[in-house]
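**Student:** Before I ask anything, here is the structure I am working with.
Set out below in structure tokens:
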């Protein structure tokens, strides 16, 4: 059995959702259960591994959807300035440095590359931006190798992103994302997906979930439908991390659900259980399901975290 915990994004200033997942990961390790934490957002300006490690996840516990379709592993950045410069077929004519930024000029100052370091004290490069004759033409993203490139063309005096390419370890193409205005097309060797939702559904199907697996939705405002379509016979749970409705927008007949959970609430018959962190909210949610939808799904209470023991001072504290 594997517990798959599905979220969208993660950052340096993570919300309570990511911290709740981190606590959950720790508890799963303690009991010897296998937990996988999935992030589906496109996260490029930072190495995803740095973000997940910072909050407490182990590398083998994390799946980033865009790495999943390649053979590149989640890993800290070790790609160096030397590696970047060796890929440039020109003599470096000038260098500028400021904090974690390094800029190198070449080709008679017609081109330059700006490298963004992981740390100011090390030469490891998270990403590089290539500019030719005043126009941004490419961005490269690295961990221990280049895993993604973005390609740009000038349009209306701006850099227009028209393609992303995700690579395998040997530099071959894993898949392309073609962008045109609001559309996203994903091109694989033997598949074509016309939207991010189609890609998400394919990703969930690729996990090959079984009836022994459990899928936990921590965030689902944009991915809930894809998860439901692709989960197969796996059990599905929804963690309610916040107030689940708007207190100011409800009457005897209607209730406005929190949009983060609206899909699961309106399709509660397809969800095996809901998790709240307090019994008070669990009771309220049960009442709302019964009153507004005429159903009684399973709602359980599991606190976000816990203390092994309460520690009390040996002496009384100062009253102020």
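In UniProt numbering, the protein residues as written are 1 to 320.
Quick reminder that beta carbons are idealized off the backbone N, C-alpha and C, glycines included.
As the structure is a prediction and not an experimental result, all values here were calculated from the model.
1) By Cβ distance, which residues of its chain are closer than 8 Å to residue 202, with the 5 residues on each side in sequence left out?
2) Considering only their Cβ atoms, is the gap separating residue 99 from residue 129 smaller than 8 Å?
3) Is DSSP giving residue 173 helix, strand or coil here?
4) Rounded to whole angstroms, what is the Cα-Cα separation between residue 342 and residue 51?
5) Who are the Cβ neighbours of residue 110 in its own chain at under 8 Å, not counting the five residues just before and after it?
6) From this set, 257, 228 and 79, which residue's C-alpha is nearest residue 141's C-alpha?
7) How about residue 6 and residue 299: are their beta carbons less than 8 Å apart?
8) Apart from the five residues just before and just after residue 312, which ones in its own chain have a Cβ nearer than 8 Å to its Cβ?
9) Do you know offhand how far residue 64's Cα is from residue 169's?
10) Which residue spans inside the stretch 183-237 form an unbroken alpha helix (DSSP H) run of at least 4?
11) Report all residues from its chain with a CB closer than 7 Å to the CB of residue 320; omit the five preceding and five following residues, and keep chain order.
12) Which of helix, strand or coil does DSSP assign to residue 160?
13) Is residue 84 near residue 113, with beta carbons less than 8 Å apart?
14) Name, in chain order, the residues that DSSP records as bridge partners for residue 5.
15) Which partner residues does residue 154 have in the DSSP bridge list?
16) What do you get for residue 102, buried or exposed, if any count of 16 or more other CB atoms within 10 angstroms of its CB means buried?
17) Verify whether the separation of the beta carbon atoms of residue 2 and residue 223 is less than 8 Å.
18) Assign residue 22 to one of three DSSP states: helix, strand, or coil.
19) Do the stretch 270-279 and the stretch 301-310 touch if we need at least three Cβ pairs shorter than 8 Å?
20) So, residue 151 versus residue 72, is the Cβ gap smaller than 8 Å?
21) Looking at the structure shown, is residue 72 part of a helix, part of a strand, or coil, going by DSSP?
22) Could you tell me the alpha carbon to alpha carbon distance between residue 242 and residue 123, rounded to whole angstroms?
23) Per DSSP, what kind of secondary structure is residue 108 in: helix, strand or coil?
24) Consult DSSP for residue 317 and reduce its assignment to one of helix, strand or coil.
25) Along the beta strand (DSSP E) that carries residue 255, what are the first and last residues, could you check?
26) Alpha carbon to alpha carbon, how far is residue 138 from residue 9?
27) Need the endpoints of the alpha helix (DSSP H) that residue 48 sits in, please.
**Tutor:** Walking through what the data contain:
1) As a working mapping, residue 202 is identified with position 202 in the chain shown. Only 191, 193 and 230 meet the Cβ criterion.
2) On the chain shown, residue 129 is found 129 positions in, with the first residue counted as 1. On the chain shown, residue 99 is found 99 positions in, with the first residue counted as 1. Their beta carbons are not under 8 Å apart, which means residue 129 does not touch residue 99 by this criterion.
3) Looking up residue 173 in the chain shown gives position 173. If DSSP states are grouped into helix, strand and coil, residue 173 belongs with the strands.
4) Within the shown structure, residues of the chain are numbered from 1 to 320, placing residue 342 beyond reach of any answer.
5) Indexing the chain shown from 1 puts residue 110 at position 110. Result list for residue 110: 132 and 133, in chain order.
6) One-based indexing of the chain shown puts residue 141 at position 141. Measuring C-alpha to C-alpha distances from residue 141 to each of 257, 228 and 79 identifies 79 as the nearest.
7) The residue given as residue 6 occupies position 6 in the chain shown. The residue given as residue 299 occupies position 299 in the chain shown. Result no, Cβ atoms of residue 6 and residue 299 do not sit closer than 8 Å.
8) Along the chain shown, one-based indexing puts residue 312 at 312. Excluding sequence neighbours, residue 312 sits near nothing in its chain.
9) The count along the chain shown starts at 1 and reaches residue 64 at position 64. The count along the chain shown starts at 1 and reaches residue 169 at position 169. Computed Cα separation, rounded: 16 Å.
10) 196-206 and 224-230
11) Stepping through the chain shown from its first residue, residue 320 is reached at position 320. Here the set comprises nothing.
12) As a position in the chain shown, residue 160 is number 160, starting the count at 1. Looking at residue 160 - three-state DSSP - the assignment turns out to be strand.
13) Along the chain shown, read from residue 1 onward, the residue named residue 84 stands at position 84. Along the chain shown, read from residue 1 onward, the residue named residue 113 stands at position 113. The answer is yes: Cβ separation under 8 Å.
14) Along the chain shown, read from residue 1 onward, the residue named residue 5 stands at position 5. 37 and 216, per the DSSP bridge assignment.
15) Counting from one through the chain shown, the residue named residue 154 turns up at place 154. Paired residues: 159.
16) Start at 1 with the first residue of the chain shown, and residue 102 comes out as number 102. It is buried - the Cβ of residue 102 has at least 16 other Cβ atoms within 10 Å.
17) Taking the chain shown and counting its residues from 1, the one referred to as residue 2 is at position 2. Taking the chain shown and counting its residues from 1, the one referred to as residue 223 is at position 223. In this structure, residue 223 does not lie closer than 8 Å to residue 2 by Cβ.
18) Counted from its first residue, the chain shown places residue 22 at position 22. Three-state DSSP puts residue 22 in a helix.
19) yes
20) Numbered from its first residue, the chain shown carries residue 151 at position 151. Numbered from its first residue, the chain shown carries residue 72 at position 72. No, these two residues do not count as a Cβ contact at 8 Å.
21) One-based indexing of the chain shown puts residue 72 at position 72. In the structure shown, residue 72 sits in coil (DSSP, three-state: anything other than H, G, I, E or B).
22) For the purposes of this step, residue 242 is identified with residue 242 of the chain shown, where counting begins at 1. For the purposes of this step, residue 123 is identified with residue 123 of the chain shown, where counting begins at 1. Approximately 41 Å, taken between the alpha carbons.
23) Here residue 108 refers to the residue found at position 108 when the chain shown is read from its first residue. In this structure, residue 108 counts as coil in the three-state DSSP scheme.
24) The sequence position of residue 317 within the chain shown is 317, counting from 1. Coil at residue 317, not helix or strand.
25) As a first step, residue 255 is located in the chain shown; it is residue number 255 there, counting from the start. Unbroken beta strand (DSSP E) run through residue 255: 255-257.
26) In the chain shown, counting from the first residue as 1, residue 138 sits at position 138. In the chain shown, counting from the first residue as 1, residue 9 sits at position 9. Residue 138 and residue 9: Cα-Cα distance of roughly 24 Å.
27) Start at 1 with the first residue of the chain shown, and residue 48 comes out as number 48. From DSSP, the alpha helix (DSSP H) with residue 48 extends over 48-55.
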